[in-house]
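Each remark here refers to the structure printed beneath this line.
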Amino acid sequence: MRIGLPVGAAAVAAAVAGALLVSSAGAATALPTPTAKPSTSAPSLDELTERVAGAVAGDDTAGETAKKQSSLSASRETSGDSASSIDPKIIGGNETTITSAPWMAQLWYYDDTQDLGFFCGGAVIAPTKILTAAHCVDGYDWKQYGAVITGTSKLPDDAGETNGTVSAVWRQWDHPSYNADTIDNDIAVLTLPTPVKATPIKMTTSGDTASYAEGTSAKVYGWGRTSSTSDDISQTLKTATLPVQTDATCSSAFPDWFIKGHMVCAGKPASGSDEGTTSACNGDSGGPLVVNNRVVGVVSWGVEDCVEAGAYSVFSKVSKYVGVTYPRVDDTDISGDGKADLFLRKNSTDVGYVKNSKGSSFAARESWGDWSGVNVVLQTDLNRDGYQDFMVRRSSDGDVFWLHYVPSTETWSNTKKFDNWKSRTRIVAPGDVTGDALPDLLSVDSAGVLWIYPGKGNGSFSSRVKVGSGWNQYNSVRGHGDFTGDGKADLLVRKKSTSDIYLYKGTGKSGTGAFSGRIKVRNWSSYNAFDAVGDVTGDGKADFLARTSGGTLYLYKGTGKATSEIFATRISVGTGYEQYDLFG
């Protein structure tokens, strides 16, 4: 399995609660060199091509094969009295080019042990991340049997040959509350072992309502069936323009099956035949519904053969799921199991360790070598290549470096990003603060001013932008991911004078409007160190860690609520943590 990169951020020292990120005199000037290298092993091109060829020859449908029966093949009532089998599912529309939709992906699955093969669509939302439907992923082993093709508008030939780029799948995630009986929460993400060159498309935001207004012009893309009377899918990428419908219209058409808030339907009511119908159909599953160059929906389900009079195409509503999807795109998963892992440094030896998350606890620590000479270690993925990077600050001079793995040479590279940040009292890598889907960096200077350094997605930053002053009143500023479930990076801070914990909810904007007014969520005088590594439990919500002066570490599972109920009841994950001076 490919190993990600352990990284961390400076925590409050056990002896001095307010002494975050203070340079230590006489520290070594050498930078850490991780002792482990990510594994770049993947199936050969020949093996991936064989998988594609098997899937091309397959006649199965994701979610309704003999391996996994679901309500996709069950009877559902439509707007009339007749019952129709529901299929994942462009009839109508026009052919288009990959230049117009460079983020389109083909998902091919072939399990030779069961002679099971099917096809779905997807969208590249980051260089190693494919957004698709849960019914295309749930119950299947994509690492063992899957292949993803990007960079082409054409389907492969019968031998699996393509003029696009064929990629393996490293890991998969589908919504933890996906329900195959109701096709609810039908959203998933595949992670590739290497980045693709395809230009990503952004997901819409959680607060987007304009894209779902009645009559909004949306475009659906896919290679699915082009006729209700033939099972043949399109050999060339197609697109169709569909007007978004109201929840009331969708509920009227599918009274027992449409789930308001979780689903959106689009298109004009089908005519009952190919003529007069424009609709997504079988083979389009997992593909994107796009408004203003953002994904607002994922093709989910519709009536059998796609043209029954009065029917619409139904999509998962991405604004509902951008929050739970966020940790999959900006994760801190070192072991590859979909859960954020923990990096620590032992204060007596400066040895760095990784503890893999087990959901509600951590596995035994694993040594990652000498981490002396630094007093800040932050985990991020600045170039969105799927490999975890480090932002580290050297103790001797305060210079900040980007430490990242270069797969082509299988070496680590250090690039200096900032000079003499000794006086910076806080440095944070919370993910995407500005709403451009690229990870950013924050710092608090000696005067207490918070600055955003907008990431460019390639390891570099744009000019800093001022957020505001007064941030030196806090002796901890932490954040990695989305604590409120809206898909925007947030911060948690502790006030020096009172030990009150406040939430600064991210707005997805830059500058003075980057965070909403603070919300008090706890009083934590009994803790002297905090850590935010992301989604420890794997449920799509950012979690928090807090250490007592006695060395007990507690996990606070996130609830996704932007209130005092932001965390569930704490869980002890072990003792002896007083021996560590840097946490991830």
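Residues -27 to -1, 1 to 557 in mature numbering (1 follows the signal peptide of the UniProt record, and there is no 0) are what the sequence shown spells out, letter by letter.
For glycine and all other residues, C-beta sits at the position ideal for the given N, C-alpha and C.
Notebook entry, point to check: Any idea which residues DSSP pairs Pro261 with across the strands?
Noted result: Val271
Next item on the list: Give the DSSP bridge partners of Asn496, in chain order.
Entry: Asp473
Next item on the list: Would you mind working out which of Ala402, Val365, Pro403, Asp409 sits nearest Asn393, comparing C-alpha positions?
Entry: Val365
Next item on the list: Go ahead and pull the three-state DSSP assignment for Val365.
Entry: strand
Note to self: On the criterion of 16 or more Cβ atoms from any shown chain inside 10 Å, does residue 634 qualify as buried, or is it exposed?
What the structure shows: Nothing about residue 634 can be read from this structure; the chain reaches only from -27 to 557.
Margin query: Helix, strand or coil for Asn393? Go by DSSP, reduced to three states.
Written below: coil
Notebook entry, point to check: So the alpha helix (DSSP H) Lys10 belongs to, where does it begin and stop?
Noted result: Looking at the DSSP string, Lys10 is not in any alpha helix (DSSP H), and its letter there is neither H nor E.
Check: Just checking my contact of Tyr285 with Ala221 at CB under 8 Å: how many whole Å lie between their CB atoms?
Finding: The pair is not a contact, with the Cβ atoms about 12 Å apart (cut-off 8 Å).
Note to self: Residues in the same chain with beta-carbon distance under 7 Å from Ala336, minus the five sequence neighbours each way, listed in chain order, please.
What the structure shows: Lys328, Asn329
Check: Residues bridged to Asp504 by DSSP?
Finding: Leu518
Margin query: Can you tell me whether Leu465 is buried or exposed? The criterion is at least 16 other CB atoms within 10 Å of its CB, across all chains shown.
Written below: buried
Next item on the list: Check Leu21 in the structure and name its three-state DSSP category.
Entry: helix
Note to self: Counting C-beta neighbours from all protein chains within 10 Å, is the total for Gly446 16 or more, i.e. buried, or is it exposed?
What the structure shows: The displayed chain sequence assigns Gln, not Gly, to residue 446. Exposed is the call here.
Next item on the list: Can you tell me which of Gly112, Ala213, Gly137, Lys102 puts its alpha carbon nearest to the alpha carbon of Thr167?
Entry: Lys102
Check: Is Pro412 buried or exposed, if buried means 16 or more other CB atoms sit within 10 Å of its CB?
Finding: buried
Next item on the list: Could you check the C-alpha separation between Ala28 and Leu89 for me, to the nearest Å?
Entry: 8 Å
Checklist line | Within 9 Å, strictly: CB atoms of Arg451 and Tyr475 | finding: no
Item checked: Contact between the segment 350 to 363 and the segment 393 to 402 (3+ Cβ pairs under 8 Å) -> yes
Next item on the list: In the DSSP assignment, find the alpha helix (DSSP H) that holds Val297 and state where it starts and stops.
Entry: 291 to 302
Checklist line | Integer-rounded CB distance, given that Val97 should sit under 8 Å from Leu163 | finding: With 8 Å as the limit, Leu163 and Val97 do not qualify as a contact, their Cβ atoms being about 10 Å apart.
Check: Which one of Thr480, Ser449, Lys478, Ser483 has the shortest CA to CA distance from Phe556?
Finding: Ser449
Next item on the list: Consult DSSP for Ser(-4) and reduce its assignment to one of helix, strand or coil.
Entry: Summary for Ser(-4): the model assigns pLDDT 36, below 50, so the residue's position carries little reliability; its value from the coordinates is reported in the next sentence. Ser(-4) falls in the coil class under three-state DSSP.
Notebook entry, point to check: Considering only the beta carbon of each residue, do Gly507 and Asp229 sit closer than 9 Å?
Noted result: no
Item checked: Which listed residue (Thr521, Lys439, Glu187) has its alpha carbon closest to that of Tyr550 -> Thr521
Margin query: Does the segment 287 to 296 come into contact with the segment 308 to 327, if we say contact requires no fewer than three beta-carbon pairs (one atom in each stretch) closer than 8 Å?
Written below: no
Margin query: Within the continuous alpha helix (DSSP H) that includes Asp157, where are the two ends?
Written below: No alpha helix (DSSP H) holds Asp157; DSSP gives it neither H nor E.
Check: From this set, Thr105, Asn152, Gly119, which residue's C-alpha is nearest Tyr83's C-alpha?
Finding: Gly119
Next item on the list: Pick out the complete alpha helix (DSSP H) segments inside the segment 101 to 146, 4 residues or longer, and give them in chain order.
Entry: 115 to 118
Check: Around the C-beta of Gln361, are 16 or more other C-beta atoms found within 10 angstroms, so that it is buried, or is it exposed?
Finding: buried
Next item on the list: Leaving aside the five residues before and after Lys514 along the sequence, list all residues of the same chain whose C-beta is less than 6 Å from its C-beta, in chain order.
Entry: Gly531, Gly533
Next item on the list: Over the uninterrupted alpha helix (DSSP H) stretch that includes Asp220, give me the two end residues.
Entry: 220 to 226
Margin query: Tell me the rounded alpha-carbon separation between Phe91 and Asn387.
Written below: 43 Å
Item checked: Selected residue, minimal CA-CA separation from Ser416, among Thr407, Trp444, Gly408, Ala410 -> Trp444
Margin query: On the criterion of 16 or more Cβ atoms from any shown chain inside 10 Å, does Gly325 qualify as buried, or is it exposed?
Written below: buried
Next item on the list: Taking the CB atoms as reference points, tell me whether Ala502 and Ala519 lie closer together than 9 Å.
Entry: yes
Item checked: Inter-residue spacing [alpha-carbon to alpha-carbon] between Gly31 and Thr6 -> 47 Å
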